[in-house]
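Before any comments, here is the structure.
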């Protein structure tokens with residue numbers, strides 16, 4: 200493989216991008232960019248996988264398991280190898296020495312080759328992501344394809360940069376006055392910690408999985424991929440590509456293996472506390488994330504958990520732009536993004552806008568109308584909403600209507616291609632955010648828990664200042680992946696920034712165009728901060744990679 | 200203050216040094232380098248402190264406490280403020296906003312000014328370190344002065360480099376085909392996590408304390424310094440200097456405060472779980488280190504705990520050099536360094552040397568003779584050994600003689616200047632390291648526990664290969680700060696390196712001159728690896744600083 204010629208320029212560009220944080224991506228967003236036959240080929244490849252046994256030729260296979268059902272209805276009917284952990288884990292460690300010796304650059308370039316082959320199959324991955332996450336095709340294509348690959352590449356770039364901060368060798372000569380200097384020859388080797396476990400999620404198997412997977416692999420660790428049982432295929436495909444590339448590059452393919460689980464097995468809990476597992480990446484519920492942090496003490500644990508995302512609505516000079524921007528944010532993938540706004544904090548006495556003063560009721564009604572308008576056409580609604588990923592989301596949506604006055608009811612939408620898909624528009628519920636309801640009381644209003652799915656709360660706060668206090672409490676106690684705010688006041692803007700700086704929350708201000716609070720761009724935006732309860736790590740920064748390896752020094756008298 | 204003119208060049212040199220890892224230090228090692236009157240002035244300053252109240256003018260003082268007794272005999276008689284934590288912690292947070300706004304460069308330069316003022320008072324600090332740690336004067340001077348300052352500066356350099364990897368602002372413009380590009384203005388601010396707690400140790404209050412203290416301060420966090428009750432003075436002086444500099448530079452002096460405890464109070468346990476404490480640096484016993492890691496879940500916890508340091512003796516082409524190098528390593532500061540070798544693994548059938556083959560008994564006898572020779576002169580012995588830091592060390596030393604055949608008994612040495620000092624030469628005890636005694640059995644031979652102090656075990660192993668297996672088990676299960684090895688075989692050398700790379704241990708090979716396994720140089724050597732049970736962090740690398748702050752992004756439509 201011509202790894203250096205092919206991929207070193209891309210690595211250099213990625214290194215430059217994470218330094219400047221300007222826009223950059225080597226992975227095209229448009230489906231047409233992948234060649235004329237790519238759409239047909241990708242769909243055909245996906246259809247071939249259905250109803251088959253997904254063999255990975257990995258050691259320690261103890262039967263077969265599967266059972267994915269697309270949120271769009273069809274059963275995928277794919278069987279994956281179930282691991283005999285006692286065989287698989289030692290086999291995964293066997294190739295670590297050679298992978299360590301390869302050094303940071305070769306590891307990075309091998310990772311880039313894996314990403315590049317995944318990129319070439321983006322159409323196939325898009326169908327796999329669509330039929331496991333319930334994302335609409337275009338979103339599955341972009342978020343599950345180029346955006347996920349970007350995040351993987353970003354992690355590789357950070358890993359490479361971090362590992363090469365220390366030189367491979369150094370000559371050290373310490374003057375001793377009139378005597379000869381003390382002289383040592385020192386070598387520095389980056390050594391992985393051990394097997395890294397990726398616990399995948401249902402909604403964004405590749406986007407949330409690639410950063411940890413590639414960060415660990417690039418820093419010298421074998422990676423065991425434990426997908427969500429409802430979203431195995433995108434990561435199984437990833438494992439297959441990684442194994443192919445590793446073997447072709449002369450490394451042990453068992454450096455990347457799959458651990459698919461039997462229904463109800465809960466294999467993540469078993470794997471997470473195995474002594475061989477030294478790193479864990481997890482996206483999912485707060486409950487299991489907390490369990491991992493408390494129990495997997497032998498491992499470095501990186502978690503993205505639940506959060507209560509908040510938008511502060513204080514004032515705007517582009518009321519229409521604000522409404523349409525918010526409507527899109529609430530609707531995209533039926534609110535099933537960890538970054539979707541949940542609480543819209545709106546002053547009880549209304550806000551000032553370029554369209555005149557608007558009362559709380561007016562603002563809520565206008566947001567509702569904006570969402571209604573955006574999703575009025577069923578074809579467009581289907582393309583934006585996708586399907587509900589699982590019955591829990593639907594149950595939460597149904598229950599949400601009982602929490603308060605419904606400003607916008609959820610609407611059932613039919614999908615002509617997939618009649619079994621559960622497609623729903625978001626519900627907007629009015630709630631009272633009076634200070635007395637959340638301050639100094641043990642009672643927790645509904646809006647202080649994450650209600651994952653197409654549910655938003657229009658929370659009436661006593662004032663913007665009170666809203667900022669509620670924001671602070673929300674971030675500090677519940678965590679948040681995103682904060683949005685609309686204000687025309689420099690003073691209020693500063694106050695919102697201060698809350699976000701104090702409590703470590705990522706802030707988007709006055710978005711009224713084609714960028715949405717729930718989207719982040721690799722190489723430029725941080726996803727999460729790692730500094731509040733929603734996540735203990737950010738994608739991607741030095742801290743995300745620096746503790747996945749250690750530098751071992753050997754010094755010899757020169 | 201002319202911070203930039205004075206300190207930016209030093210910061211740049213430090214940044215270059217951690218990149219090249221060549222020898223560098225701005226802090227002279229020789230006492231004469233500090234000016235003619237420095238020795239007298241330093242001693243006088245120290246004497247003035249004795250028997251006085253050490254006022255820091257910090258808020259929330261709830262009485263006074265003290266009681267340090269020099270390991271050399273005299274009571275120091277100094278009283279320190281005892282904190283009212285409920286008052287002190289909120290006061291420490293008050294200055295965080297301005298400290299954050301100052302930015303990484305100003306914070307780094309303020310830290311350099313603090314270090315520079317400490318450096319100017321190195322003689323005074325040397326007496327403070329000597330009379331709390333029991334180190335001999337020259338060691339207290341060097342390790343407690345320039346070497347500690349180097350480690351502090353190194354942490355500042357890492358912190359600065361880490362924080363400036365992301366620019367303060369970026370313009371992001373994403374092409375949209377024929378439409379206008381999406382444009383955002385992004386700002387990135389490094390924000391400290393909260394109050395950082397430094398839990399100091401008895402033996403190296405400044406050397407082990409400065410890295411965490413300066414890493415946290417430079418990354419925007421207030422630092423609460425909780426010294427070991429027997430070694431308050433060096434850190435109290437440090438806190439005083441830091442407060443002076445902060446105030447002069449226009450920042451809140453309460454960004455650095457002292458928490459001295461009452462006898463038996465165990466205030467660290469109370470402080471460690473306070474919600475305001477977000478970072479903890481700790482050096483000390485494994486028991487309390489493990490407790491911190493398990494219980495201080497709200498904080499990032501950096502620990503250096505016990506380890507079982509090991510030297511593998513396989514063969515040498517410089518037998519004399521090896522003996523004298525080992526003798527020095529075992530003797531320095533009475534073996535009370537976390538890096539002092541404890542277990543010397545020597546093949547039962549002897550080793551090959553340039554002085555002919557040597558049996559196990561001969562090697563042990565020659566090491567004993569070399570230590571005996573090195574410490575034969577009482578004045579020289581006092582200068583090397585210092586005093587035992589506390590009665591526990593003496594108790595362990597006394598008990599060690601009962602563990603096996605004593606190859607070199609410990610000798611009591613009188614100190615003419617300090618008749619109450621407890622000065623002892625190291626004991627060397629022969630133990631059987633047969634594989635059957637440590638493999639596959641729950642029984643733990645004495646050499647598999649840390650016996651902190653002037654105690655070394657000459658462990659007879661069945662072969663070098665068996666010794667390497669024992670080394671692997673030792674590092675994996677017990678942890679190690681240092682591994683040393685002597686071998687003339689390239690194959691054996693490679694095997695030792697592999698163990699150290701696999702288990703994350705720092706290795707010194709064939710040291711026979713003036714560099715010792717127990718000494719590391721800032722800017723070049725890593726202290727610990729952070730990858731085995733002896734410590735979860737290395738001094739100093741990216742991982743030591745990167746999670747002490749978070750990057751908060753604010754993005755606005757451009």
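Protein chains in written order, with our numbering: chain A, 200 to 757; chain B, 200 to 757.
All residues carry an ideal CB built from backbone N, CA and C; glycine is no exception.
In this text the structure is predicted, and so the values were computed from the model without any measurement.
Contacts of residue i in chain A (Cβ-Cβ under 8 Å)
i                      : result
residue 467 of chain B : Going along chain A, no residue has its Cβ under 8 Å from residue 467 of chain B, so there is no contact; the nearest lies around 20 Å.
residue 504 of chain B : Correct list: empty, because the minimum Cβ distance to chain A is about 14 Å.
residue 750 of chain B : 725, 728, 737 and 740
residue 473 of chain B : Going along chain A, no residue has its Cβ under 8 Å from residue 473 of chain B, so there is no contact; the nearest lies around 15 Å.
CB contact flag (residue i, residue j, <9 Å)
i                      : j                      : result
residue 399 of chain B : residue 425 of chain B : yes
residue 660 of chain A : residue 749 of chain A : no
residue 732 of chain A : residue 485 of chain A : yes
residue 511 of chain B : residue 657 of chain B : no
residue 217 of chain A : residue 312 of chain A : no
residue 755 of chain A : residue 707 of chain B : yes
residue 440 of chain A : residue 316 of chain A : yes
residue 409 of chain B : residue 437 of chain B : yes
residue 607 of chain A : residue 567 of chain A : yes
residue 215 of chain A : residue 345 of chain A : no
residue 270 of chain B : residue 589 of chain B : yes
residue 349 of chain A : residue 721 of chain A : yes
residue 670 of chain B : residue 698 of chain B : yes
residue 666 of chain B : residue 513 of chain B : yes
residue 338 of chain A : residue 585 of chain A : yes
residue 449 of chain A : residue 415 of chain A : no
Contacting residues, own chain, Cβ-Cβ under 6 Å from residue i (five flanking each side not counted)
i                      : result
residue 524 of chain B : 710 and 711
residue 342 of chain B : 406
residue 499 of chain A : 478 and 746
Contact set between residue i and chain A, taken where Cβ atoms lie within less than 7 Å
i                      : result
residue 481 of chain B : Near residue 481 of chain B there are no residues of chain A at all, since even the closest Cβ is about 16 Å away, more than 7 Å.
residue 299 of chain B : 700
residue 755 of chain B : 708 and 709
residue 365 of chain B : 220
Proximal residues of chain B, C-beta to C-beta of residue i below 9 Å
i                      : result
residue 745 of chain A : 361, 740, 741, 742, 743, 744, 745 and 746
7 Å Cβ cut-off: residues of chain B touching residue i
i                      : result
residue 383 of chain A : 714
residue 696 of chain A : 753
7 Å Cβ shell around residue i - same chain, five flanking residues per side excluded
i                      : result
residue 467 of chain A : 398 and 425
residue 383 of chain B : 371, 754, 755, 756 and 757
residue 596 of chain B : 609, 623, 626, 652, 653 and 654
8 Å Cβ shell around residue i - same chain, five flanking residues per side excluded
i                      : result
residue 728 of chain B : 703, 704, 705, 734 and 737
residue 673 of chain A : 507, 509, 542, 647 and 679
Within chain B, the residues that residue i reaches when beta carbons sit closer than 8 Å
i                      : result
residue 370 of chain A : 221
residue 388 of chain A : 700
residue 373 of chain A : 222 and 720
Chain A residues whose Cβ lies nearer than 9 Å to that of residue i
i                      : result
residue 392 of chain B : 703 and 730
Counting Cβ pairs closer than 8 Å, one from the stretch 499–513 of chain B and one from the stretch 443–463 of chain B, do we hit at least three? No contact exists between the stretch 499–513 of chain B and the stretch 443–463 of chain B.
Determine which residues of the stretch 698–723 of chain B have a Cβ less than 8 Å from any Cβ of chain A, and write them out in chain order. From the stretch 698–723 of chain B, only 699, 700, 701, 703, 704, 705, 706, 707, 708, 709, 710, 711, 712, 713, 714, 720 and 723 have a Cβ closer than 8 Å to chain A.
With a threshold of 8 Å, are at least 3 pairs of Cβ atoms found where one atom belongs to the stretch 256–270 of chain B and the other to the stretch 281–296 of chain B? yes
Going along the chain, which residues of the stretch 216–249 of chain A sit with their C-beta nearer than 9 Å to a C-beta in chain B? 217, 218, 219, 220, 221, 222, 224 and 229
Any 3 or more C-beta pairs closer than 8 Å across the stretch 226–245 of chain A and the stretch 321–337 of chain A: yes
Going along the chain, which residues of the stretch 667–682 of chain B sit with their C-beta nearer than 7 Å to a C-beta in chain A? none
Check whether the stretch 635–642 of chain A touches the stretch 609–625 of chain A, taking contact to mean three or more Cβ pairs, one atom from each stretch, closer than 8 Å. Between the stretch 635–642 of chain A and the stretch 609–625 of chain A there are fewer than three inter-stretch CB-CB distances shorter than 8 Å, so the stretches are not counted as touching.
For the pair the stretch 293–309 of chain B and the stretch 461–479 of chain B, tell me if three or more CB-CB distances fall below 8 Å. no
Any 3 or more C-beta pairs closer than 8 Å across the stretch 512–532 of chain A and the stretch 685–694 of chain A: yes
Tell me which residues of the stretch 336–362 of chain A have at least one Cβ-Cβ distance to chain B shorter than 7 Å, keeping chain order. 361
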